[in-house]
Structure formats: structure tokens, C-alpha cells
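In our numbering, the protein residues as written are 140 to 556.
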């Protein structure tokens, strides 16, 4: 314990270095439908100055829309816009071309948009440990669990929007905790929190659910600062969200809410296959989202310990901290949202990819739980066992996240999928 305490920063940076080195050896060079949709926009914007992807070599993706006779990416545009600027800078500085030097450009895009957000999220998680007065040894342990036993970290090898959404969500939680726990009521915390929450709406539409949850709690905390600082800043960020959709598809309403854009002649979505064609009973769908072939707790079972602990404390009428209840209730709300308003688990992928941001903040509860029971040998043994199973989920995603997972294959083999 003393060794960890004395060399805390060295240990943290060493863990990060190992993770980064591992990922450098395995960055994706294969483009799946999800990635191709964003690359089509990046290439079209950079080479032709348009969001229309008709002439892009990445047009083959199924994740596209048809509006007024032209094809567009179906993905939220802000990430693609930002990465276009990044690519243009790389092109001007180093002369790399997205088509001629695709592997190099794609690797650099993945590093910025996916791998680095995982690493920064891990560091913010550690900093939240400081705010919550968690011991250094626990903070060192949690960063290992987050980076190597969480399936969501494995997604850092390929371009996606989940890792960057996770980054802004855990950043939001960090500023929120400063306001609520440390009573650091500086104006900058309210403004930065609003920016981070607004950024979530740029990258992931369903995760905007958290904007409501945070906003209500902040209004309760300090109505004056909420109305004076938080709401105006958040409104400005949301204005960009609407503007980005307008300049990309001609409407301030996200394309997700207009199914006709997806149902053009020859569209994959007219006759989807496999997981995309599922329409299960919601009880079965909910079970699989929690404990089944795409379960948040079957891929990262260690997270379930936090829920068991909080439920146990609730029934025994022991104190539950406000931040614990907030994370628990917002997590339940997010899971229910996906259960009742989706039907395909996010398609062919490893784990419940839509819940990667949600899973990220559950690690805060887990960190506090481990710190509370760190001297309990049985608990630590159970943590290591569950963490070892989580390592399987991480490795499954790390090898390639856009495939049928090992767990899904097992369910299919036994006739449950």
C-alpha cells in the first residue's frame, strides 16, 4: 500500500503507457459500416466541400440517408466536421492524403477521436477519486479495471462516437461533483459543465437524456446560477447541435427522427438482416441488455457489484449519498430508454455499445465501493474474478468491436439468439 502511495503518479502513467502501447499495435485498418459513414463525410467535406457523399469511395456503408436524391451520412455531423478540420491540418502540415495514405490518416483519426478519449476518461475517473477522497491504491486499481476489463475501452481501436461521448459525460460528472460535494461554486464550473453536457448532444443523441438529469439537479442546487450561467451556455451549445444538422441535411431535426430518409430504394433498412431485424418481447430484450448476449453486466460484471451494494443499503435503510443516487437513477433511466425505444442492441457489435457512456460513470460507484471494502479479502477476490471475466469482453472488443461477440456466439449456439 505504501509503495503505491509513494509512487502513485508513476504507477498511473505507467498503466496509461502500457494501454497506449497496446493500442498502437492494433489500431483498425478495416472500415466497417459505422466508421465508413463518418469517413464518407470527412472525405467529401475535405475533397469536395459538401456533405453529399455520392462520390465518396466510402459510399458503400449501410449507414446513410437519401434526401432529395442525394446520399448523406446518417451519423451526427459534429464529430465528422471536427475530424475534417483535423484531417485538413494533417494534409497541409504533412501532405498525407485520406485516400493515398489511408492507413496513416485513419490511424491518426482513431487516435484522436477514440483512443485518447478512453485514456483521458480514465484520468478523469482517477481525478474524481481525488474529489471523493478515495485512497491512491484504489485509484490505481480502478484505472486498471477501466482500461483492461471494460468492453467499452476496447472500442478505442476504431472510429466511433461512444468513447468521445463517454469523455464528455464523465467530465460533466466531474464538474458536477465539484459543485455538489466540494461546494466549489465558481462560475467556471457551471459554464464548463454546460459546455460538456452540450457537447454530448453533438456526438450522441440518446445520451442527451443526461442533460435533463443534470439540469434538474443543478436547478435544485442553485437556481440563480443555473439560470444565469448554466442555461445560457447550454443553450448556445444546443444551438450548434441544431445548426450542425441544418447545414448537413437541411433540417434542425436529427435524421434519426425521420425514418423515410432510411427507406430509399435498395436500402439495407428495407430488409435488415440478423440482429438488425430483431423485434423481441421487451422482457427478453431487457434481460439481454442487462445480463444476456449484449448485457452491460454480462460484459462488465464487476459493475453489478455497485448496484447490489446500493440496493442492499437502500433496503437496510443505510445512507446513500446524493451523487450515488443520482448516478444510479440516471443509469436506470438510460437503460430503460434503450430497452423501450430500440430493438436491435446496436446491431452486430461487442456488448451494449450504446451504454458505453453510461457504463463509464458507473465506474465511479465501483471505485467508491472498492475503496470501502479494500481490506476485505473475500470482496477483493470476487472483484478479481469478475474483473477477469470483464477482460474477456475487453479483449473481444479490442480485437474488433463490430462483430458478433463470443457471448453472442454462445447464445446462438444454444439457440437463444
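Cβ atoms here follow ideal geometry from the backbone N, Cα and C, with glycine treated the same way.
None of the values given here were measured: they were computed from a predicted structure.
In the assembly as shown, residue 371 is an exposed residue. Its beta-carbon has fewer than 16 other beta-carbons within 10 Å. Bounds of the beta strand (DSSP E) holding residue 211 are 209-212.
Residue 203 is bridged by DSSP to 212.
Nearest to residue 261 by alpha-carbon distance, out of 246, 272, 284 and 251, is 284. Cβ neighbours of residue 312 within its own chain (closer than 6 Å, five residues either side excluded): 500. Within the segment 311-383, the runs of alpha helix (DSSP H) that reach at least 4 residues and sit entirely inside it are, in chain order, 326-342 and 348-360. Annotation for residue 494: 435 place their beta carbon closer than 6 Å to its own, counting only its chain and skipping 5 residues before and after. Closest by C-alpha distance to residue 382, out of 405, 527 and 340, is 340.
The criterion of a C-beta distance shorter than 8 Å is satisfied by residue 264 and residue 282.
By a beta-carbon distance limit of 8 Å, residue 203 contacts residue 192. Their separation comes to about 7 Å. Proximity to residue 308 across 444, 350 and 244 peaks at 350, based on C-alpha coordinates.
Judged by beta-carbon spacing, residue 164 lies beyond the 8 Å limit of residue 179, meaning their Cβ atoms are not closer than that value. Of the residues assessed, residue 497 falls on the buried side of the cut-off, its CB having 16 or more other CB atoms within 10 angstroms. No Cβ-Cβ contact shorter than 8 Å links residue 258 with residue 342. As the crow flies, the alpha-carbon of residue 503 is around 12 Å from that of residue 465.
In this structure, DSSP gives residue 539 a state outside helix and strand, which the three-state scheme calls coil. Inter-residue distance for residue 319 and residue 271 is about 11 Å (C-alpha atoms, whole angstroms).
Counting the other CB atoms within 10 Å of its CB gives residue 394 a total of 16 or more, which places it among the buried residues. If you draw a straight line from the Cα of residue 268 to the Cα of residue 310, it is about 13 Å long. Membership of residue 510 in the alpha helix (DSSP H) is indicated by the continuous run 495-511. Less than 8 Å separates the beta-carbon of residue 469 from that of residue 352.
By the CB criterion at 8 Å, residue 438 and residue 290 fall inside the cutoff. Secondary structure of residue 544 (DSSP, three-state): coil. Measuring C-alpha to C-alpha distances from residue 161 to each of 255, 188, 182 and 225 identifies 255 as the nearest.
A Cβ-Cβ contact shorter than 8 Å links residue 488 with residue 540.
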